[in-house]
Amino acid sequence: MTYLDHAATTPMRARAIAVMSDALSTLGNASSLHTSGRRARRAVEESREDIADALGARPSEVLFTAGGTESDNLAVKGIFWARRAVDERRRRVLASAVEHHAVLDTVEWLAEHEGAEVTWLEADSWGRVAPETFERAVREAPDEVALATVMWANNEVGTINPVPEIAEIAERYGVPLHTDAVQAVETLPVDFGSSGVSALTMTGHKIGGPYGVGVLVLSREVACTPLLHGGGQEREVRSGTLDTPAVLALASALREAVDVRDRHADELTRLRDRLITGVREAVPDAVLNGDPGTVEGGRLPGNAHFTFPGCEGDSLLMLLDAKGIECSTGSACTAGVAEPSHVLLAMGADVRVARGSLRLTLGHDSTAEDVRTFLEALEPAVRRARSAGLSGLSKTSVGSATAPTEV
Amino acid sequence: MRVLAAMSGGVDSAVAAARAVDAGHDVTGVHLALSAKPGTLREGARGCCTVEDSRDARRAADILGIPFYVWDFAERFSEEVIETFVGEYAAGRTPNPCMTCNEKIKFEALLEKAMALGFDAVSTGHYARLSNESGVPELRRSRDEGKDQSYVLASLTPQQLRHAMFPLGHSLKSEVRAEAEQRDLAVAQKPDSHDICFIPDGDTKKFLESKLGERPGDMVDADSGEVLTQHSGVHGFTVGQRKGLGVDKPAPDGRPRYVLSLEPVSGTVKVGSADKLGVTEIDATRPVWPSESALDGPTECVAQIRAHGETGEAVAEMTGEGLRVRLSEPMRGVAPGQSVVLYRPDPAGDLVLGSAKISETR
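So the protein lines, in turn, are chains A and B.
Counted the way this note's numbering counts, the first sequence spans residues 53 to 459.
Counted the way this note's numbering counts, the second sequence spans residues 295 to 656.
This is the structure in structure tokens:
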């Protein structure tokens, strides 16, 4: 099997598996006061310190959650509610148009149910939010902004946002900035303290840790109304018995990822560049979406995202899957239907381009062999998928389906 | 063979896929997403449009151990099936959207895509017997007469049928359910779908009104020419309809009134007594011959004008590009837009000779 979908999930690291397996057979609720409870608590707090250290945060800023979606929901809703409670005028949310659905849908929910006013921050044709765009939006009425949210790196096209620059502007206007760094932590130098953001989302299974556990790094200065009420385990902001084995494994995976990060990022970048070059050789009219990746810090080291004009992504996915090559057409949705990606649409692509795209993402166990296997299979798959055309679309709208379209 | 199994999430297509696997084919399951906004709540089985149906299809594919994908045909479906459906009603005709879907989506858009991607055939859970052994396709009624779906497949061309598989044609529905149970398919007891899948509440009139708005016209007594009432659009009526005419005044002879004809340009709906409803001659256009052979001179056959509708003995013959069908007994509720399907009776399953779209009746 050739796995090129690390942005969806990446294999758990061996050490994290060992740590988690051990912990699963150890009794103890981290909130209990007796010996096994204290033992669990100690392990959790050591993990918290490890994670804080790896992310450039203080231990008290690390809140454990059930994953990226919960962290995003907690930050966006919680900070919105808390800031509006202090000042009724603060109802505006500034959000980039290319956010993950965990942020996008949360913001839309606030607009529909909580009277939030939304300013969607435009992204450029690479999917990047410019600091100037952000500043123009925030300075209109900074006193009315509840929070801003801009992802660190895009999960689909891999474009990296200038988050520290945006955070500086946010701070100047007194606006808390949340960033979804789910895709960034494993390969980019993410440092909470020096980045200047107020809240940061990360999750275990994208860095070689377990599913179902994540972190919201939340500055002590930022108030956040809880989503989940109960025992108040995490700083009274998040309730629920801590998942000690998952927390330990997350800490182990993050430690390992951060220790090897620079070297890993270099290797991945080389592998990704080989992939991009190879795709262009095999399919000359393929269009790389997102940042061109020619400057460090522009594009996630493991991400390559292409449009193959005249193909449907789901045809390509099926043909490659049949050859044992696993990749993604974009962000999967609950019904299993590949909807045209909102990220590509926000970047100015039309529906046909959005449907013909494939996301290839490399990770910590990717090899040159993976890239080679994929490149060998690509050209015949594209040829075949092209002959199938854009069958699901209206006949009238596919008239120029085979003409290459620049994104 | 490499077979693409269209899986709606119902019991029939699941068992059909299972039989294709058992027959030794290399099967891949595909669920067609036909609605841009799939509802999330199911009330009974609605055929093909909900997230639950998609999940049911996926679970069946899991049990069969075959790859499974969801393909988005919503835009094409909307254009080819829903817009055609609405347009036909607006023109005073009575369409069959399932027939259009088979013709344009399952065995055109899907089949073409499947063939291009390297598949040899598309299998579905339709109840009809199909044999390609003699070199020309032979499409016959299913063994389960109550479930027979040969009518809605009769507009498929030989080219389409050559790449079609209907593994359930020789089975009774009860056998299919029992087999699903035996195979541990969770959909074994899922209710059958009856409604038009894109009108989940079954209220066709309301659906058409939402698409076409009000197009008022007169309802006229066919005998006297008297205007009985105003109606909100010909699309609210079908030839042969008795209920819901909105006329208070009884007919002079006290007999119930039926819709006799629809005139979309003037917006006139003509109503009259049942004896005027009988049709003995049908003109139809665009004939399709599933077995490749057009009629050669006047041909005795059995005609059917609706899915699961009554049948009647007839003599059919070509009239230039079209088809004329003379019925030995008058048939009621024959509406332009419906298809007339011609069968040759056969103990091995009535053979579909051809089908054509009804344009005029006398």
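Just so it is clear, CB atoms sit at the ideal spot from N, CA and C, and this is done for glycine as well.
- Counting along the chain, B/Ser622 sits inside the beta strand (DSSP E) bounded by residues Gly616 to Met625.
- The beta strand (DSSP E) runs of length 3 or more contained entirely in the stretch 378–411 of chain B do not exist; there are none.
- DSSP places A/Asn125 in the helix class (H, G or I) of the three-state scheme.
- Secondary structure of B/Met513 (DSSP, three-state): strand.
- By the neighbour-count criterion, in which a residue is buried when 16 or more other Cβ atoms sit within 10 angstroms of its Cβ, A/Thr419 is exposed.
- Of A/Arg424, A/Leu268 and A/Gly283, the smallest CA-CA separation from A/Ser84 is found for A/Gly283.
- Burial state of A/Gly120 is buried, judged by a 10 Å Cβ sphere holding 16 or more other Cβ atoms.
- Taking C-beta separations shorter than 7 Å and ignoring five residues to either side along the sequence, the partners of B/Val364 in its chain run His325, Ala327 and Ser348, following chain order.
- In terms of beta-carbon proximity, B/Arg370 lines the interface with chain A, with at least one pair separated by less than 9 Å.
- Taking 8 Å as the upper bound for CB-CB distance, B/Thr418 and B/Ala310 are in contact here, some 6 Å apart.
- Look at B/Asp366: its C-beta is under 9 Å from a C-beta on chain A.
- Here the C-alpha atom of B/Ala474 lies approximately 7 Å from the C-alpha atom of B/Val481.
- Any Cβ of chain A closer than 9 Å to the Cβ of B/Thr322 would place that residue at the interface, and such an atom is present.
- From the listed residues A/Val227, A/Leu126, A/Arg93 and A/Glu208, the smallest Cα separation to A/Ala398 is found for A/Glu208.
- Taking C-beta atoms as the reference points, A/Val202 and A/Ala168 fail to come closer than 9 Å.
- When only Cα atoms are considered, B/Ala588 and B/Gly648 end up about 8 Å apart.
- In this structure, the alpha-carbon of B/Ala610 lies about 30 Å from that of B/Ile490.
- Annotation: A/His281 to A/Asp195 spans about 29 Å, alpha carbon to alpha carbon.
- Within chain A, the C-beta atoms nearer than 8 Å to that of B/Ala403 come from Ser443 and Gly444, in chain order.
- A distance below 8 Å between beta-carbons, with the five flanking residues on each side excluded, links B/Val596 to the following residues of its chain, in chain order: Thr605, Gly606, Glu607, Ala608, Leu636, Tyr637, Arg638, Pro639 and Asp644.
- With a cut-off of 8 Å on Cβ pairs, the stretch 567–581 of chain B is not in contact with the stretch 413–427 of chain B, counting fewer than three such pairs.
- For A/Met72, the three-state secondary structure derived from DSSP is helix.
- Residue environment analysis places B/Gln453 among the exposed positions, since fewer than 16 neighbouring C-beta atoms fall within 10 angstroms of its C-beta.
- Under the 9 Å criterion on CB atoms, A/Asp373 is classed as interfacial with respect to chain B.
- Annotated three-state conformation of A/His357 is strand, per DSSP.
- A/Ala236 counts as buried, since no fewer than 16 other beta carbons sit within 10 angstroms of its beta carbon.
- Restricted to the stretch 414–448 of chain B, the beta strand (DSSP E) segments that are unbroken, complete and at least 3 residues in length are 415–417, 422–425 and 432–435, listed in chain order.
- For A/Gly89, the uninterrupted alpha helix (DSSP H) run begins and ends at Thr87 to Leu107, by DSSP.
- Of all alpha-carbon atoms in B/Val305, B/Thr388 and B/Val533, the one lying nearest the alpha-carbon of B/Ser567 is that of B/Val533.
- B/Thr498 and B/Ser504 have their C-alpha atoms spaced approximately 10 Å apart.
- Taking a C-beta cut-off of 9 Å against chain B, the contacting residues of the stretch 345–368 of chain A are Glu364, Asp366 and Ser367, listed in chain order.
- The Cβ neighbour count for A/Ala70, taken over all protein chains shown within 10 Å, is under 16; the residue is labelled exposed.
- At a cut-off of 9 Å between C-beta atoms, B/Ala474 does not count as an interface residue with respect to chain A.
- Annotation for A/Arg93: Ala82 place their beta carbon closer than 7 Å to its own, counting only its chain and skipping 5 residues before and after.
- Contacts with chain A at 9 Å (Cβ-Cβ) include B/Glu406.
- Around the beta carbon of A/Glu288, fewer than 16 other beta carbons sit within 10 angstroms, so the residue counts as exposed.
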